[in-house]
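Going by the working numbering, the first residue of the first sequence is number 7, and it counts up by one from there. We put the beta carbon where it would ideally sit given N, CA and C, even for glycine. On a predicted model such as this, the values are computed, not experimentally measured, just so you know.
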Amino acid sequence: MRLGRPMSQRRGHNRRVSIETLENVENPLEAGLTILGSTLTVDDISLRIVEVEAYGGEKDGPWPDPAAHSYRGRTPRNSVMFGRAGRLYVYRSYGMHFCMNISYGPDGVAGGVLLRAAEIEAGHDVVSARRSPDRPSHQWARGPGNLGASVAITLADNGTDVFNPASRIRLELGESKEWVSGPRVGVSTAAEVPWRLWIPDSRAVSAYRRSPRAPVIS
DNA sequence: TTCATGATAAGG
DNA sequence: CTTATCATGAAC
């Protein structure tokens, strides 16, 4: 038998949002919903974010999350997530990929939303030159490492205020959209928490792959 | 389906 | 020093 959709999935339709929403979110899920469907602009490239993963924060914070980089406290790498909402947290994954997160919550409280996949809306020529031009464009920014490569993000971009109109990297919120949620990808702890969010029907959404280290559910 | 890649930080 | 990690593309 093949179920159409895992029991852990939910779906819904969110409302219009703003930067104030991101600062005052009630929980990580709300932060993820705020950012899903937004438009990321990097120089002449424009992307529609179609998949995100919400991460909580410190053990002792309001949203303890063992899968979050910030869970064990502030380090030089994760410090941006402890600051104000709307800052870009860039980290190097497995020593080679650059992944992007947007911080949320009040200053001093850690929280971040990982940008996992996007559709290219403008700048196809620039992205094509960086990615595999032979592959379809919906695969160029599918997956967090591919997304970072598409816009050539580096650690120098860490801490960027994405709501400052003068920034090279900006995020535009406010789009209303449908969404679906399910378990996060690649995490070995808290793997059942349904904080991966995506827009149904987008071809750019990455395939779900459970971490081989995550415990098997009974 | 498995492997090489190789930064960061926690734990021994 | 050793191990685990919010991954990917190429090799098998």
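Spatial distance of residue i from residue j (CA atoms)
i, j, result
"N164", "Y97", "8 Å"
"G192", "E26", "30 Å"
"N170", "L177", "9 Å"
"S85", "Q15", "31 Å"
"N33", "G67", "11 Å"
"W69", "V31", "11 Å"
"R190", "R148", "15 Å"
According to DSSP, residues forming a beta bridge with residue i
i, result
"M106", "V96"
"S187", "R16, L203"
"T47", "S52, R176"
"Y61", "G118"
Closest residue to residue i among the options (Cα-Cα distance)
i, options, result
"V115", "Y77, A147, R83", "Y77"
"I126", "S44, G38, R54, I205", "R54"
"A172", "D49, D71, H19", "D49"
"P82", "D140, P112, Y95", "Y95"
"M106", "V199, P34, G154", "G154"
"S156", "A213, R137, G180", "R137"
"S217", "P200, S194, L203", "S194"
"F104", "E198, G117, I159", "I159"
8 Å contact criterion, which residue i and residue j should meet: CB distance rounded
i, j, result
"L121", "V58", "6 Å"
"W185", "L46", "With a Cβ gap of about 17 Å, W185 and L46 do not count as contacting."
"I51", "V132", "6 Å"
"G18", "V119", "In fact, because the Cβ distance is near 17 Å, the residues do not count as touching under 8 Å."
"L262", "Y100", "Examination of residue 262 is not possible in this model, given that the chain is present from 7 through 224 alone."
Buried versus exposed, by CB contacts within 10 Å (16 or more), residue i
i, result
"T166", "buried"
"A91", "buried"
"S44", "buried"
"A124", "buried"
"M102", "exposed"
"P150", "buried"
"R93", "buried"
"W201", "buried"
"A213", "exposed"
"D71", "buried"
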